[in-house]
Every structure is written in structure tokens, then in C-alpha cells.
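This report concerns only the one structure given below.
There are 2 protein chains.
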Amino acid sequence: MGAKNVCLMTDKNLSQLPPVQMVMDSLVKNGINFKVYDNVRVEPTDRSFMEAIEFVKKGAFDAYVAVGGGSTMDTCKAANLYASSPHSDFLDYVNAPIGKGKPVSVPLKPLIAVPTTSGTGSETTGVAIFDYEHLKVKTGIASRAIKPTLGLIDPLHTLHMPDRVVANSGFDVLCHALESYTALPYHMRSPCPSNPITRPAYQGSNPISDIWAVHALRIVAKYLKRAVRNPDDLEARSNMHLASAFAGIGFGNAGVHLCHGMSYPISGLVKTYKAKDYNVDHPLVPHGLSVVLTSPAVFTFTAQMSPERHLETAEILGAHTRTARIADAGPILADTLRKFLYDLDVDDGLAAIGYSKADIPALVKGTLPQERVTKLAPRPQSEEDLSALFEASMKLY
Amino acid sequence: MGAKNVCLMTDKNLSQLPPVQMVMDSLVKNGINFKVYDNVRVEPTDRSFMEAIEFVKKGAFDAYVAVGGGSTMDTCKAANLYASSPHSDFLDYVNAPIGKGKPVSVPLKPLIAVPTTSGTGSETTGVAIFDYEHLKVKTGIASRAIKPTLGLIDPLHTLHMPDRVVANSGFDVLCHALESYTALPYHMRSPCPSNPITRPAYQGSNPISDIWAVHALRIVAKYLKRAVRNPDDLEARSNMHLASAFAGIGFGNAGVHLCHGMSYPISGLVKTYKAKDYNVDHPLVPHGLSVVLTSPAVFTFTAQMSPERHLETAEILGAHTRTARIADAGPILADTLRKFLYDLDVDDGLAAIGYSKADIPALVKGTLPQERVTKLAPRPQSEEDLSALFEASMKLY
Chain A
29 MGAKNVCLMT DKNLSQLPPV QMVMDSLVKN GINFKVYDNV RVEPTDRSFM
79 EAIEFVKKGA FDAYVAVGGG STMDTCKAAN LYASSPHSDF LDYVNAPIGK
129 GKPVSVPLKP LIAVPTTSGT GSETTGVAIF DYEHLKVKTG IASRAIKPTL
179 GLIDPLHTLH MPDRVVANSG FDVLCHALES YTALPYHMRS PCPSNPITRP
229 AYQGSNPISD IWAVHALRIV AKYLKRAVRN PDDLEARSNM HLASAFAGIG
279 FGNAGVHLCH GMSYPISGLV KTYKAKDYNV DHPLVPHGLS VVLTSPAVFT
329 FTAQMSPERH LETAEILGAH TRTARIADAG PILADTLRKF LYDLDVDDGL
379 AAIGYSKADI PALVKGTLPQ ERVTKLAPRP QSEEDLSALF EASMKLY
Chain B
29 MGAKNVCLMT DKNLSQLPPV QMVMDSLVKN GINFKVYDNV RVEPTDRSFM
79 EAIEFVKKGA FDAYVAVGGG STMDTCKAAN LYASSPHSDF LDYVNAPIGK
129 GKPVSVPLKP LIAVPTTSGT GSETTGVAIF DYEHLKVKTG IASRAIKPTL
179 GLIDPLHTLH MPDRVVANSG FDVLCHALES YTALPYHMRS PCPSNPITRP
229 AYQGSNPISD IWAVHALRIV AKYLKRAVRN PDDLEARSNM HLASAFAGIG
279 FGNAGVHLCH GMSYPISGLV KTYKAKDYNV DHPLVPHGLS VVLTSPAVFT
329 FTAQMSPERH LETAEILGAH TRTARIADAG PILADTLRKF LYDLDVDDGL
379 AAIGYSKADI PALVKGTLPQ ERVTKLAPRP QSEEDLSALF EASMKLY
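Protein sequences, first through last, are from chains A and B.
Number 342 in the working numbering belongs to position 314 of the first sequence; there are no gaps in the numbering.
Number 122 in the working numbering belongs to position 94 of the second sequence; there are no gaps in the numbering.
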């Protein structure tokens with residue numbers, strides 16, 4: 029890449045750990061100038077994005093290396109974008125309706141993404157997600173242009189992950205796979221674009237994304253519990269690290285739908301919940317947890333649109349579906365998911381992370397702007413439907 | 029792509045058929061100048077490549093559209109390459125040891141590949157294969173640089189295929205999948221390159237190529253027989269058309285090994301065999317047939333290196349392997365393949381297409397220069413081994 033002045037982006041926890049050290053050693057050994065930005069916020073906000081953007085604008089960097097989880101990779105994508113387009117307002121590239129959703133036409137610098145969690149698949153996607161603090165809601169930037177140039181998927185970087193981080197990031201993989209496999213098929217989206225090139229980054233499920241989704245799901249079914257329970261199980265952690273990338277290639281192309289759309293207010297409106305194993309100074313619902321808590325309700329709701337796919341995924345996750353009735357696909361998948369989550373010690377629904385019925389209107393309101401993903405749900409949903417889904421997710425077991 | 033002067037490449041049979049007509053109509057409708065080259069030879073030779081190269085050198089084309097099977101797409105890749113590098117000798121880019129195997133550093137023009145058979149996956153690969161007439165052996169050009177810019181995989185283009193063309197091209201998919209899945213793993217190739225970027229196009233099996241191989245194989249198992257037997261079975265033909273591309277993405281990255289390496293002299297040394305359903309004026313062993321005839325012998329030979337994968341593929345192809353002994357993986361897969369081929373009316377081995385024991389030394393001699401692929405076999409092979417494999421392939425049933 030001919031880089032001479034690199035920005036190495038990471039967060040404060042990781043900056044002391046081997047993955048970052050290894051990158052710094054390599055840059056030093058190869059005589060490449062670099063500066064470290066380790067002020068990435070876990071679950072970034074517009075403010076934390078803008079701090080990173082200010083930093084990189086001053087640095088005149090010709091390449092980026094992001095070492096961390098989705099928060100770091102997404103922050104780095106945004107920093108690369110706005111440094112390459114210095115006169116843009118922050119909202120210019122943010123997804124509509126919150127931002128202007130302008131297409132990216134400027135060339136960006138190379139970005140090497142080195143994931144250290146096994147969940148977001150952010151190294152494979154053109155999406156950067158953040159909390160928009162003003163509205164207390166998550167949104168993002170979505171453009172093929174911000175996709176990293178290269179992902180380095182090294183499982184040795186995952187051995188430091190504490191067990192809740194493995195579990196929660198694994199739930200993100202699980203939902204990426206399930207949502208992209210059940211998303212509205214690409215040829216059923218409307219309006220139909222006049223030319224395939226104008227399809228959005230999230231174009232709906234398709235024969236290519238299906239392959240990645242199913243394969244990632246098989247790995248989750250086989251390896252997630254092992255990866256959580258034993259930090260030394262390199263086979264399990266390696267496979268989950270690959271599954272994260274595989275699911276990312278799938279959903280980065282097909283999109284996600286309701287679990288993700290509903291998760292954004294679930295994390296955005298967090299009150300006091302502090303997740304175990306996350307060393308941060310603010311209340312936090314980890315992304316993967318906020319996504320997975322609604323999954324039993326969501327797939328009960330969507331099953332009627334593609335019951336075969338819902339049954340197939342239940343089978344992959346361990347259900348015996350040979351004698352199942354197709355009409356029961358939703359409850360069967362939901363029940364399979366509940367068992368899976370129970371085995372992995374997941375909090376008992378939204379109530380367990382601090383929400384009550386009284387919060388449902390705000391949660392629904394926070395979901396409505398997530399059209400980019402909710403429109404990809406195979407079944408259209410009214411505000412009443414969303415209310416019912418949040419209510420059904422208050423308690424899981 | 030901003031193309032203003034397009035070369036439309038095809039063969040004489042297709043030039044009268046709807047897929048080519050459709051491309052011409054589109055070019056006319058969009059006011060784009062084009063010239064048709066329909067002199068592609070089915071199973072091309074260095075001479076037929078050079079004729080195409082001479083044609084395009086005169087045309088100053090700024091883009092290419094190849095409509096046809098592997099022969100057409102490969103001819104077009106070579107034409108694009110040598111027109112972009114007009115002072116190169118033909119052997120400069122041909123694989124060593126027959127050619128010089130020089131890396132491609134010139135920029136090529138965009139090439140849109142529109143496959144009309146479901147086998148080669150050439151629309152996805154950086155490989156162009158031809159008969160080197162002087163040595164009566166197949167060889168090729170392999171470089172990421174010649175990979176088409178875009179593949180248009182439209183199953184309606186496959187409805188015109190006669191049944192033997194469907195079967196033989198399907199066997200190519202079958203072997204692409206089986207060979208790339210059982211190829212030497214990428215981290216076991218030697219010498220190990222100093223940098224991943226210097227890996228050859230065929231880098232050995234890896235977790236990404238495995239996904240494509242297994243998925244393509246499942247489609248072959250489910251749909252090939254239906255696609256052969258009923259030209260109107262659009263579901264089966266659509267799936268085989270995708271399988272061809274999927275297997276192509278896999279083997280284009282992992283490589284193939286002995287079935288392909290041994291197939292080149294099998295087609296190159298053809299005497300009088302004329303394949304049913306191929307409208308050509310010369311003796312011809314279709315590529316897929318030349319590849320599949322040795323498959324039972326090859327996988328019996330290679331099974332000991334990865335018996336689990338051999339058993340897994342046998343299971344996908346319909347064998348019941350639950351009680352199988354791992355040591356029997358080779359014979360089980362071979363027997364499964366024989367049944368599959370018998371059901372599809374495949375000629376009874378090399379003897380049925382005109383070879384006898386006396387030809388084996390020449391067949392072995394023609395395999396030896398195919399190191400690019402034979403070195404990817406999981407098990408090294410001596411000349412005696414190759415002799416034995418050809419001998420075991422004389423009769424299948």
C-alpha cells in the first residue's frame with residue numbers, strides 16, 4: 029500500500045494488549061511512521077466519532093489500521109471517510125432519515141481492519157454504527173466506499189476475550205446469520221431499482237448471502253458454547269472468528285432486519301445496566317445482547333413468510349424438525365433460541381436489563397427511524413406489531 | 029464502464045442463438061459500437077487463441093463481452109491480455125514449464141463474461157486453458173489479472189443446452205468441487221511464500237474455498253440429474269448455473285488437482301472420439317468428460333490424506349456413511365461416483381473413448397507438465413502412480 033504515515037486506532041483496554049503491540053512492533057520494524065489513537069468509545073457516539081475525525085484530520089494519514097471490535101473498526105471507517113471529505117457536515121453521510129444519506133464519491137485511504145472480537149464482522153462491511161446522542165438512538169453510515177481494504181482475521185487475537193464478550197459478540201453473529209437468511213429476498217424489495225448498481229448496501233437475501241449465513245450459523249451451533257466456556261479452546265475461538273467474518277460477508281450484502289432494528293433503541297436508551305466483563309465507565313447494553321434478546325419474538329413473528337427457512341435454522345441450532353409441522357416453524361425456532369440462550373446464561377429478557385412496559389413507546393419510537401433495516405424484514409410491521417414484539421421480549425424463559 | 033467500442037466474442041453455434049442476440053440488441057439499443065468475433069474454437073488451441081488475439085489487436089476495443097462456455101470466456105481473457113500487452117510473446121504468460129509464466133503487470137480492459145454452459149465457472153476465475161498443439165497437451169494462463177470484471181449468470185441462457193452438454197459441464201462442476209475441497213491445504217504448500225500476496229492463483233484449499241466447494245457439491249447432488257433429463261426444468265438448470273459459478277469461486281482460489289491434471293492429455297491426445305451433442309468438425313473429448321472419467325481412481329488414491337472429507341463428499345452425493353469405516357473412505361467415494369456416472373450414462377472409462385493400455389505412457393507424459401495443478405493433490409504421485417490411475421480408469425463399471 030506504500031503507506032508512510034499510519035493511524036493506528038484502538039481503544040484504551042486493547043492498547044495495552046498483544047494485538048496492538050504486535051501491530052506497533054510490525055510498523056516499527058518496517059520503519060513506518062504512525063500515531064496511535066486509543067480514544068475509541070465502546071459503543072461509539074456521534075461525539076466519539078467526531079473526536080476521532082478531528083484527530084485524523086490533523087494527522088494527514090495515508091493509511092489506517094483499526095485493531096479492536098466493531099466500535100473501533102466503525103470509528104476508523106468514519107474517521108477515514110470524513111478526513112477524505114473534510115468539508116462535509118457530519119450528518120451528510122449518516123443514514124436517512126436522521127442524516128442526509130449522501131452517496132460517497134470521494135476516494136478513501138486504505139484501511140486494514142484487525143478484529144479482536146468475534147461478532148460484528150465489521151472488517152467485511154461498509155457500515156459504521158454509532159449512538160446519535162441527541163435522539164438517544166443508534167444509526168450509522170452505510171456505503172461500500174467505507175469497507176476496509178483488508179481484514180486480518182487472526183484467531184490468536186481473540187484469546188484475551190472474557191467469556192461475556194465471547195457470548196455477546198457470538199450472539200451478534202447468530203443474529204447476522206438468522207436475519208440475513210430470513211431477510212426479504214433481493215428481488216422482492218420495492219421500489220425495484222432501475223439498475224442493479226443502485227441497490228443499497230443491504231440489498232435483501234440472495235443466493236450468495238444465503239451461503240454465508242447458513243455456514244456461519246452452523247459454526248455458531250457447533251462452536252459458540254465451547255468458545256464461551258473455554259478461553260483456551262483455540263479450535264472453537266478460531267471457528268467463531270471465521271464465522272463472524274463469514275456472517276459479515278453475508279449480512280453486509282443482504283442486510284439484517286428486526287433484531288437489529290429493535291436493538292438500537294435497546295442500547296441507546298440504556299439506563300443503568302452495566303454488562304459483566306465490559307471495562308467501561310458508562311452504562312452499556314452490549315450490542316450482541318441487545319440484538320439477541322428480541323430474537324425469539326422476532327422469528328415467531330416472521331416465520332410465516334418463509335417457514336422452511338425458519339425450520340431449517342432451528343434444525344441447524346439443534347432442534348429435531350423431521351416431524352415438525354411447517355405452521356409451527358416460528359415457535360420451534362423461538363424455543364430453540366431460548367434454550368440456546370439459557371444455556372449461555374443470557375439475562376432473562378428486556379426486564380432483566382432494566383426495561384419495563386412503560387418503556388415500550390420509547391423503544392418503538394426509537395425503532396421507527398431504523399427503516400434501512402426494518403424494511404428488510406420479510407413481514408411488514410406496524411407500531412402495534414413492534415410494541416407486541418418488545419412486550420414479548422420482556423421475559424424470555 | 030464507459031465502453032464505446034466493444035468486442036463481442038462467441039462461437040459459431042451460439043452466434044445464432046438468443047443469448048448472443050440479446051447482447052447485440054442491448055448494444056444496439058444503447059448506441060454502443062461493437063464487432064463480433066465468432067471464430068472461437070470449442071476446446072481452444074494456441075492457434076485459435078492467436079487468431080482471436082490478432083482480431084482484437086486490430087480492433088482497439090475498450091471492453092469485451094464473452095458469451096459462451098469456458099472456451100469462449102477463456103479465449104476472450106487471452107485476447108484481452110495480449111491486446112493489452114501487444115509486445116509480449118504468446119508464451120510469456122503461459123504457465124511454466126511450457127511457457128514463461130510471467131506475472132501480468134499491464135492493466136486490462138473490462139470483460140463481461142456471460143456463461144451459457146454450467147460447468148467451467150470461467151466467469152469467476154483468472155484462468156484460460158488451451159491445447160498447446162505442438163506438444164499435444166493442455167496448458168493455460170493463470171493470473172488474477174485476467175479474471176472477468178463481471179459475470180452475468182442468467183439461467184435462461186442454459187435452456188438451449190443439449191443433454192450431453194449439461195451432463196459434461198456438470199461433471200466439471202462436480203470435479204471442481206471435489207478437487208478443490210480435497211486439495212492440499214493452503215498452509216501445507218511448499219515452498220511457503222514469503223508474503224501471502226505472492227501465493228499463486230491456485231493457493232490450496234482454505235476455509236473460504238471449502239464453503240463454495242461443499243455448497244456447489246450439494247447442488248450437483250440435488251440438481252444435476254434433473255438438469256440433464258429435462259431441458260425445461262428451470263429450477264434445476266438455474267441451480268446448476270449458480271453451482272458452476274460457486275464452484276468456480278472455490279476452485280479459482282483453491283485450485284484443482286489430479287482429475288484436472290490428468291484430463292489435459294486425455295483431451296489433448298484424442299484420436300477419433302466425437303462426443304454426442306457437440307456440433308464441431310474435429311474429434312473432441314469434452315472437458316468435463318475428460319475430467320470425470322478418472323475421478324473414481326483419483327479419489328481412491330487421495331482418500332488416505334483426508335478420509336473425513338472424502339466420506340463427507342460421498343455422503344453429500346448420496347452414500348450412507350453413518351456406519352462407514354474411515355479407512356474405506358476412498359472406495360466408498362469412488363463407488364458413489366461410479367453410481368452417479370452410470371445413472372448419467374457416462375462412457376465406460378477411457379477405453380470407451382478410444383484409449384488402451386498402450387496409450388498410458390503418453391498420457392502420463394502429458395500429465396507431468398501439469399505441475400501447477402498436480403502439485404496441489406493432497407498425496408504426491410510418482411509416474412508409476414499416474415500410470416496406475418490411468419489404468420484403473422480404463423473401465424469404470
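Beta carbons are placed, not taken as given, at the ideal position from N, Cα and C, and that holds for glycine.
The segment 302-309 of chain A and the segment 177-193 of chain A touch, with three or more beta-carbon pairs separated by less than 8 angstroms.
In the structure shown, K130/A falls within a coil segment according to DSSP collapsed to helix, strand and coil. Chain-ordered listing is empty here: chain B has no CB closer than 9 angstroms to the CB of H315/A, the nearest sitting near 25 angstroms. Look at Y65/B here: in three-state DSSP terms it is strand.
For L270/A, the neighbours in chain B by C-beta distance under 8 angstroms run, in chain order, P235. Unbroken beta strand (DSSP E) stretches of 3 residues or longer found wholly inside the segment 219-295 of chain B: none. Comparing alpha carbon positions, the residue from A379/B, I381/B, A331/B closest to D363/B is A331/B.
Sequence-distant partners of V392/A (beyond 5 residues in either direction) whose C-beta falls short of 6 angstroms from its own C-beta, in its chain, are E411, L414, S415.
For I360/B, the nearest beta carbon of chain A is not closer than 8 angstroms to its own beta carbon. DSSP places K166/A outside any alpha helix (DSSP H); the residue lies instead in the beta strand (DSSP E), whose first and last residues are 165-170. Contiguous alpha helix (DSSP H) elements confined to the segment 324-382 of chain B occur at 335-344, 357-371, taking only those with 4 or more residues. Closest in alpha carbon position to K86/A, among L339/A, P114/A, I60/A, V93/A, is P114/A. Between P359/A and L424/A, the gap from beta carbon to beta carbon reaches 8 angstroms or more.
Residue environment for E151/B: buried (at least 16 other C-beta atoms within 10 angstroms of its C-beta). Note that the C-beta distance between I381/A and V326/A is not below 8 angstroms. For V142/B, the uninterrupted beta strand (DSSP E) run begins and ends at 139-143, by DSSP. Within chain B, the residues I239, H243 have their CB atoms less than 7 angstroms from the CB of I239/A, given in chain order.
The straight-line gap separating the alpha-carbon atoms of Y370/A and L139/A is approximately 38 angstroms. Between K32/B and I60/B, the C-beta gap is smaller than 8 angstroms, which places the two residues in contact. DSSP, reduced to helix, strand and coil, places G98/A within a helical segment of the structure shown. The beta carbon of T100/A lies closer than 7 angstroms to those of M37, T38, D39, V68, A94 in the same chain, with the five residues before and after it left out. D66/B and D102/B have their C-alpha atoms spaced approximately 14 angstroms apart. In summary, N108/A is buried, with 16 or more beta-carbon neighbours lying within 10 Å of its beta-carbon over all protein chains present.
Cβ atoms of V34/B and F62/B come within 8 angstroms of each other, at about 4 angstroms. S295/A is positioned such that its CB atom lies closer than 8 angstroms to that of E71/A. In this structure, the beta-carbon distance from H204/A to V284/A falls below 8 angstroms. The DSSP-derived three-state label of I181/B is coil. For C220/A, the number of other beta carbons within 10 angstroms of its own is below 16, and it is reported as exposed. Straight across, the Cα-Cα distance linking A211/B with I354/B is about 19 angstroms.
With 16 or more other CB atoms across the displayed protein chains lying within 10 angstroms of its CB, S43/B is buried.
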